[in-house]
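Those protein sequences? They're chains P and H, same order as listed.
Quick note, the first sequence lines up with residues 69 to 214 if you use my numbering.
Quick note, the second sequence lines up with residues 71 to 278 if you use my numbering.
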Amino acid sequence: MTARGTPSRFLQSVLHNGVGRYVCQLKRISLIFSKKGQGSLGVRDFIEEGVVDFAKNNPGTVVYISPQSCRIPKIVAEYLNGNVKEETVTNKASQEIAELITKLSNQSGLDIIRIRKPFHTDSPSIQGQWHPFTNRPPRLCIVFIL
Amino acid sequence: MKYGTTFSFCWSGGSKLLLYHYSHVEVKFIKCFFKMSSFSRSAQQWATFARSWFLIDARMQPPGKIASMCSVRLQGKHKPIYHPLSDIGDHVVVMNTRHIAFSGNKWEQKVYSSHTGYPGSFKQLTAAQMHKKDPTAIIKLAVYGMLPKNLTRRTMMQRLHLFPDDVLPEDILKNLTEELPQPREIPRKLSEYTQEERNAFPMLWTPA
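Pasting the structure below:
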């Protein structure tokens with residue numbers, strides 16, 4: 069669609085994350101898979117090999133493993149600002165799922181929509197923003213009080 | 071729409087006529103100081119894009135120079151935030167348009183032509199005739215010709231206010247923020263020189 073028809077936002081960081089300490093914005097990650105489906109093979113392999121290391125490397129993120137009888141395995145990522153992101157991982161290899169999970173943990177929870185400007189500043193003007201009375205010499209500063 | 075008056079009522083009164091006209095009004099000297107850096111973001115934006123009202127006295131001035139000053143300010147080209155699409159021009163009030171001064175023989179030689187499209191309706195008026203018919207027309211046509219030839223020109227012309235004499239309506243007076251200096255220095259008449267200056271003028275020879 070057009071840029072006007074789709075939502076857009078300005079570039080921002082969640083509470084200036086990274087200026088002081090960095091807080092991982094991924095709150096919770098749930099792996100929903102089935103114990104005996106072909107689509108969940110990659111997820112099961114990932115749980116065997118990679119998920120424990122991931123959980124150890126990201127102490128701020130809670131990892132839930134929920135085997136259910138489901139046709140399509142999913143990864144549900146919840147972020148600190150409340151956004152929830154669901155990704156289906158049917159027939160994905162273990163390596164791809166690992167990459168996907170690192171991608172989700174690197175994201176902040178902000179919406180993935182068009183960013184209007186690739187820059188943002190809290191101090192847009194150093195010398196003071198221009199207004200009609202900067203550099204206007206008061207030649208004869210007479211004030212009329214009507 | 072009185073952006074200009076919101077900051078302060080201060081404007082510089084350059085010409086004598088301006089002060090004379092407002093003699094019934096109390097005049098006080100006050101320094102205007104306000105801290106713009108303490109404004110919120112929206113107030114700062116409102117300040118940056120505020121529309122000012124300029125006053126120009128056209129007495130004894132060439133109308134072309136007056137018109138070029140007007141067109142610069144009507145377009146907003148005097149502002150560092152200028153963009154042709156931004157509609158960022160200011161209002162300009164020109165007074166004493168009846169007393170403009172063409173140089174040379176332009177009063178008789180400059181011709182304003184018009185044709186309505188119907189056969190036999192080609193009119194040509196000299197500047198003197200045009201000025202007699204409508205004392206604001208010369209400056210109006212000059213400014214119209216100096217503005218960019220696009221659809222924004224008509225809105226800019228609506229922001230130009232012309233007055234043949236120095237009588238201005240109250241609501242325009244209240245809006246003015248700055249008086250611009252006149253482009254041409256008015257030469258003094260012989261009667262305006264003092265006797266000492268006349269005697270001090272160098273003479274090559276005295277007529278015998």
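Each residue gets a CB set at the ideal place from its N, CA and C atoms; glycine is no exception.
- Task: Could you spell out the range, first to last residue, of the beta strand (DSSP E) harbouring P/F122?
- Result: Taken as a continuous stretch (DSSP letters only), P/F122 belongs to no beta strand (DSSP E), being part of the alpha helix (DSSP H) at 119–125.
- Message: Quick check: is the beta carbon of P/R204 nearer than 8 angstroms to any beta carbon in chain H?
- Response: yes
- Report yes if the CB atom of P/Q93 is closer than 8 angstroms to the CB atom of P/H188, and no otherwise. no
- Say whether chain H places a C-beta atom closer than 8 angstroms to the C-beta of P/H188. no
- Message: Please report whether the beta-carbon of P/H84 lies at a distance below 8 angstroms from any beta-carbon of chain H.
- Response: no
- With 16 other CB atoms within 10 Å as the buried threshold, where does H/F271 fall? exposed
- Do P/K95 and P/E146 have their CB atoms nearer than 8 angstroms? yes
- Item | Inter-residue spacing [alpha-carbon to alpha-carbon] between H/T118 and H/M106 | 10 angstroms
- Message: Could you give the first and the last residue of the continuous beta strand (DSSP E) run that contains H/Q194?
- Response: 192–196
- Query: How many Å lie between P/R204 and P/K153 at the Cα?
  - Reply: 54 angstroms
- Task: Ignoring anything shorter than 4 residues or poking outside the stretch 130–199 of chain H, list the alpha helix (DSSP H) runs there in chain order.
- Result: 133–145, 176–179
- Chain-ordered chain H contacts of P/Q197 [CB-CB under 7 angstroms]: Q114, T118
- Query: Skipping 5 residues on each side, what residues in its chain have a beta carbon closer than 8 angstroms to that of P/G150?
  - Reply: G177
- Message: With H, G and I counted as helix, E and B as strand and the rest as coil, what does DSSP make of P/S76?
- Response: strand
- Pull out every residue of the stretch 148–175 of chain H whose Cβ sits closer than 9 angstroms to any Cβ of chain P, in chain order. K149, P150, I151, D160
- Message: Measuring straight from C-alpha to C-alpha, what distance separates H/I170 and H/Q199?
- Response: 14 angstroms
- Query: Using 8 angstroms as the threshold, is the stretch 162–177 of chain P in touch with the stretch 132–139 of chain P, meaning 3 or more CB pairs across them?
  - Reply: no
- Should P/K124 be labelled buried (16 or more other beta-carbon atoms within 10 Å of its own) or exposed? exposed
- Could you give the distance in angstroms between the alpha-carbon of H/L243 and the alpha-carbon of H/I158? 21 angstroms
- Quick check: the stretch 164–181 of chain H against the stretch 121–136 of chain H, are there 3 or more CB pairs under 8 angstroms? yes
- Query: Can the beta-carbon of H/S141 be found less than 8 angstroms from the beta-carbon of H/L217?
  - Reply: yes
- Task: Would you be able to state if there are at least three C-beta pairs under 8 angstroms between the stretch 169–183 of chain P and the stretch 219–230 of chain H?
- Result: no
- Query: By Cβ distance below 6 angstroms, which residues in the same chain neighbour H/H161 in space, the five residues on each side in sequence not counted?
  - Reply: W123, R229
- Message: In whole angstroms, give me the CA-to-CA distance for P/Q197 and H/L155.
- Response: 21 angstroms
- Please go through the same chain and pick out, in chain order, the residues whose beta-carbon is closer than 8 angstroms to the beta-carbon of P/P75, but skip the five residues on each side of it. D179, I181, R182
- Message: Any beta carbon of chain H sitting closer than 8 angstroms to that of P/P75?
- Response: no
- Query: For the beta strand (DSSP E) that P/K153 lies in, which residues bound it at each end?
  - Reply: 152–156
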